[in-house]
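Chains A and B supply the protein sequences, listed in that same order.
Heads up, the first sequence is in this note's numbering, so the first residue is 1036 and it goes up one at a time.
Heads up, the second sequence is in this note's numbering, so the first residue is -12 and it goes up one at a time.
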Amino acid sequence: MSEFFTLHVNGHDHEIRDAWLGENLLYVLRERLGLKAAKGACEQGECGSCSVQVGGELVCACLVLAASAVDEPIVTVEGLGDVPTDVQTAFVETGAVQCGFCTPGLILAVHHLLEHDPAPTEIVIREELSGNVCRCTGYGRIIEAVQRVSVARAAAT
Amino acid sequence: MSITGVDRSVREGVLGGSPTRPDGIAKALGSFEFSSDLGGDGALWGATLRSPHPYARIVRIDLSAAWQIDGVETVITADDVPGAMHYGLIDQDQPVFASDVVRYVGEPVAAVAADHPETCRRALEAILVDYEVLDPVLDPESVVDGRAPDIHPAGNMLRQQRIVHGDPAVTGDVVVEGTYELGMQDQAFLGLEAALAVPDSGGDGVELFVATQWLHEDRGQIAACLGLPEEQVRLVLAGVGGAFGAREDISLQVHSCLLALRLGRPVRLHYSRAESFLGHVHRHPATIWMRHHATSDGEIVKIEARFVFDGGAYSSTSSAVLLNAITHAQGPYRCANAVVDGYAVRTNHLPCGAMRGFGVVQACFAHESQMDRLAEACGVDPVDIRLRNAMRTGDTLITGQVMDSVAPVEQCIRETVALPFPNEPVGGHDGDVMRLPGGAGRTADVEHVVRGIGYGVSMKNLMYSEGFDDYSTARCRLAGGVATLKFATSEVGQGFVTLAGQIARTILGVDDVVLDRIDTSVGSAGSTSASRQTWMSGGAVAAACEAVRDTLFVNLAMLNGLDANTLAIDGTDVIDTAGPFRVPVAEATARGEIEQTAVYRHRPTEELDEHGQGDCHTAFAFVAHRAVVDVDVELGLVKVVQVATAQDVGRALNPLSVVGQIEGGIAQGLGLAVMEEIVQINGTIRNASFTDYLLPTMLDMPDVVATLIEEPEPLAPLGAKGVGEPPCISVTPAIAAAIRDALRQAGRPHRIDRVPVRPIDIADV
């Protein structure tokens, strides 16, 4: 099998060669491109640990066939850069990070949420982030982190 | 969450403040390496073949077809285990690979290593195992009464222990009893089991990067099974994605090392979620009968109880879990007389062992349900009945042990009761369906929703019990104003890495603390479990830092003609309390270095005698919870609206970390109350996925209001009690009680004597 396909990840094109076509996007990102921020925790789209953006949509990378994601820009947490964003900083400062396994997925989900709704109510935050499971924190500090960023962004504009 | 009772005004990064985690930014950026992130270059993939039967004899294993598959590098079975064939935390009764008999669905039979996970999957499918299926033992009572045939050479009774205290014949004016059940809960850490085993070039040793709760205990068990001296097995803590008890036992450690040593190549072994449900121990399902005798005004006279814990196929820590359960039968209440029988039994169910709360969760659901029943029988308010019986320091426990921990039970209850109730009515001010039980996808009608209130109070032992030699080790090096700490304490998310730096900054007056790699090249720290690391490893780090500081004082005293005994740390300076001498620590340590290693041990404990008497526990912590729930009594749907809690923490060394433990623990207790249960039918798990095993999401989590009760514990090295387990214990019965309260108000009283509470239990159809 000499097939290959190209993925556009974090602004760069990556040729994926000799992959088994059954590989999902999470496997290809982690094992073939070495982008390990997205985590596998449930393998069926229930926990959100593998959240990435494909074509601007927040998706679970474990549910996307890698070879089907060829025409869309893909953004992982690594694509946010090496300098912590306001969301990343707020997560650390509010205590929203414990074991940290859910954190990269949540970071992308929160960025996505605040881009679409800069001032979400608490119930909206809970609804929008209910696809991201955290087993350590009980979510209270995560909600606080989101609210802190929302307020700070509003104050800055 | 709002939090009261904490006043902080301290130098940044020291004890009492809430500095950010040293690993926080890396975790937020996604660059922190978890165990599943290791080994990308050249490491082979491993995978495990597991039994499909709860109980069967292995007639034949044929590996030949698996060996033929392109990309398969090796296939191993019990025949390839060079050392001990069994492992276990207390008794070594669990096979590395089953060789003659399989005793639970999911028991490892063989393992493979190959070039790709998909190749591994095909290889596992190609292994042929002929089984002679046997009748499984699935009813714990059949073990207690002796009907069940032995399914293991060590027998089926993992532990039987009786407690008889005071006058067993005494009776009370009021007697209430009930039988309570708890389902099997999963720890459900997000970071699935994963390890990377790297063999030494000579093939006579191995380095294992693994997510675990106790590196040294793992090493001992692994080395025994590999037939290697312990020093040739080196463990390094790989990033841990949560633990909650599920990483205390061996899972993939021995298998990954065997594969790597066999091949002379690095091997990474990762479990899937479905496999993880099979691959680690769970919280024991339990059936508990309790009878309380009391005076007519509700003072407890005697407790009778019978605990039956299903330990599953192998012993793990069942004997210790049972001890915890029966010795906490009284809860945080005075009780002069008791007769308690406990049984932990072996069945062909999934093995059970440690999970946050460790036996006390089960006992607490029973004794708190009983307290409500007693309140009702005596015509007393549920809060008053608890206050009337609240334990105090100096009381004698049913084991004969005197409670000498700080025991602010009354204060926990009173401060919980004083916390504000939610200010929103059922459904919220705007009547948003998202705020109703069941949320948008269900059909709860505000007309059918009743709000209930319930209480729970608990006592939890801290550290290890029953004579175990429990200790932790830490090393501190001070040079150029920088403290470097070395310990083997597993950081599983709880934040010990943050606390360790706070301790060093406080004791040594430094700002810069470096944490060395967490591995087995220093003495054992014991397990990250039993709410013990703040006390134990905190004690060890403090002792190492104090030893370094004292050496510094002696050196400075000699150099400057001072008395070392009058030197002290003041902020980041060394000062002489008897004179004008003052020098910054960074300057005083600019040349040369000081290094000290310390071991911290808690006071000895003892085993119980045949009557269940003895000073078996080290110390205790207490907590109270109040739950407010909205219940759709027609549909059986529940929404937990608020949990209020006052927790006895001794001293909050890092208030933000304490809050994290409180909220996270409440989420897990809520899960056990209304959502989480591993379902096994005829010995086969039916919901080994996050689609079917339901975890609390952000929509399920209530508001939390909390008060920290800070009365420093004199027995504790830093005055702080462990705070990890208490939050998850009495919240479960509080939620169950609130559901009962709602049903009572709706005119449909129901005992609700089983958790998790299912819709069918409420709707009673």
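Virtual Cβ for every residue (Gly too), placed ideally from N, Cα, C.
No experiment lies behind these values; they were computed from the predicted model shown.
- Message: Between which residues of its own chain and Pro689/B is the CB-CB distance below 7 Å, once the five residues before and five after are set aside?
- Response: Val627, Val628, Gln629, Val630
- Query: At what residues does the alpha helix (DSSP H) containing Ala721/B begin and finish?
  - Reply: Where Ala721/B is concerned, the enclosing alpha helix (DSSP H) starts and stops at 718 to 732.
- Using Cβ-Cβ distances below 9 Å, what residues of the segment 7 to 20 of chain B are close to chain A? Thr7, Arg8, Asp10, Gly11, Ile12, Ala13, Lys14, Ala15, Leu16, Gly17, Ser18, Phe19, Glu20
- Message: Would you call the segment 702 to 711 of chain B in contact with the segment 418 to 427 of chain B, where contact means no fewer than 3 C-beta pairs closer than 8 Å?
- Response: With a cut-off of 8 Å, the segment 418 to 427 of chain B and the segment 702 to 711 of chain B do not count as touching, because too few Cβ pairs lie within range.
- Message: Counting C-beta neighbours from all protein chains within 10 Å, is the total for Met545/B 16 or more, i.e. buried, or is it exposed?
- Response: By the neighbour-count rule (16 or more Cβ atoms within 10 Å), Met545/B is not buried but exposed.
- Message: In whole angstroms, give me the CA-to-CA distance for Cys1082/A and Arg590/B.
- Response: 43 Å
- Query: According to a CB-to-CB cut-off of less than 9 Å, which residues of the segment 675 to 707 of chain B neighbour chain A?
  - Reply: Residues of the segment 675 to 707 of chain B with a C-beta less than 9 Å from any C-beta of chain A: Ser676, Phe677, Thr678, Leu682, Pro683, Thr684, Met685, Leu686, Asp687, Met688, Asp690, Val691, listed in chain order.
- Query: Shorter than 8 Å from the beta carbon of Phe1126/A to some beta carbon of chain B?
  - Reply: yes
- Query: Within this structure, are the beta carbons of Ala604/B and Thr282/B separated by less than 8 Å?
  - Reply: The sequence as given places His at residue 604/B; Ala does not occur at that position. It is not a contact, given that the beta carbons lie outside the stated cut-off.
- May I have a chain-ordered list of the beta strand (DSSP E) segments no shorter than 3 residues that lie completely inside the segment 193 to 275 of chain B? Here the runs fully enclosed are 193 to 197, 220 to 224, 254 to 257.
- Query: Nearest to Ala175/B by CA position, among Leu686/B, Leu640/B, Glu663/B, Gly706/B, is which residue?
  - Reply: Glu663/B
- For Glu650/B, return the contacting residues in chain A, with the cut-off set at a CB-CB distance below 8 Å. Thr1172, Gly1173, Tyr1174, Gly1175, Arg1176
- What are the start and end residues of the alpha helix (DSSP H) that includes Gln648/B? 642 to 661
- Task: Could you pull the start and end residues of the beta strand (DSSP E) that Val625/B belongs to?
- Result: 624 to 635
- Query: Using Cβ-Cβ distances below 7 Å, what residues of the segment 1120 to 1145 of chain A are close to chain B?
  - Reply: Gln1123, Phe1126, Val1127, Glu1128, Gly1130, Val1132, Gln1133, Cys1134, Gly1135, Phe1136, Cys1137, Thr1138, Pro1139, Ile1142
- Please name the residue, chosen from Asp1117/A, Gln1133/A, Leu1093/A, that lies closest to Glu1150/A on a Cα-to-Cα basis. Leu1093/A
- Query: Taking 8 Å as the CB-CB limit, is Ile505/B close to chain A?
  - Reply: No, Ile505/B does not count as interfacial toward chain A.
- Which residues in the same chain have their Cβ closer than 7 Å to the Cβ of Ala1096/A, if we skip the five residues on either side of it in sequence? Asn1059, Leu1060, Leu1061, Leu1064, Ala1073, Cys1085, Val1087
- Message: Using the Cβ count rule (16 or more neighbours within 10 Å means buried), how would you classify His354/B?
- Response: buried
- Message: Going by DSSP in three states, Gly439/B sits in which element: helix, strand or coil?
- Response: strand
- Closer than 8 Å, CB to CB, is Leu309/B near chain A or not? no
- Message: Lys447/B and Ile716/B - do their beta-carbons sit closer together than 8 Å?
- Response: yes
- Residues that DSSP places opposite Glu580/B in a beta bridge: Answer is Ala466/B, bridged to Glu580/B.
- For Val404/B, I'd like the list of residues in its chain whose CB is within less than 6 Å of its CB, leaving aside the five on either flank, ordered along the chain. Contacts found: Val370.
- Return helix, strand or coil for His1151/A, following the three-state DSSP convention. helix
- Message: Let me check understanding here. Comparing Cα to Cα, which of Ala113/B, Tyr118/B, Arg134/B, Leu361/B lies closest to Asp284/B?
- Response: Answer by Cα proximity: Leu361/B.
- Query: Going by Cα to Cα distance, which pick from Val1122/A, Gly1091/A, Val1099/A, Ala1102/A is closest to Pro1108/A?
  - Reply: Gly1091/A
- Residues in the segment 282 to 308 of chain B with C-beta within 8 Å of chain A's C-beta atoms, listed in sequence order? none
- Item | Residue from Leu202/B, Asp191/B, Ala261/B, Val241/B whose Cα sits closest to the Cα of Gly251/B | Asp191/B
- Do we get a CB-CB distance below 8 Å when we pair Ile1158/A with the residues of chain B? yes
- Query: Whose Cβ in chain A lies nearer than 8 Å to the Cβ of Phe609/B?
  - Reply: Result: empty, since nearest Cβ-Cβ is about 20 Å, beyond 8 Å.
- Message: Output needed in chain order: residues of the segment 174 to 198 of chain B with a Cβ under 7 Å from some Cβ in chain A.
- Response: If the cut-off is 7 Å between Cβ atoms, the segment 174 to 198 of chain B has Ala175, Phe176, Leu177, Gly178, Leu179 near chain A.
- Excluding sequence positions up to five away, which residues of its chain have a Cβ less than 7 Å from the Cβ of Pro1139/A? Only Ala1072, Ala1073, Lys1074, Val1112 meet the Cβ criterion.
- Message: Taking the alpha carbon of Gly75/B as the reference point, which residue from Glu128/B, Ile209/B, Asp126/B, Gly496/B has its own alpha carbon closest?
- Response: Ile209/B
- As assigned by DSSP and simplified to three states, the class of Ser1037/A: Because the pLDDT of Ser1037/A is 49, which lies under 50, any placement of that residue in the model is unreliable, and the number read from its coordinates should be weighed accordingly. In the structure shown, Ser1037/A sits in coil (DSSP, three-state: anything other than H, G, I, E or B).
- Task: Find the nearest neighbour of Gly1069/A within the set Asn1045/A, Gly1057/A, Ile1160/A, judged by alpha-carbon distance.
- Result: Asn1045/A
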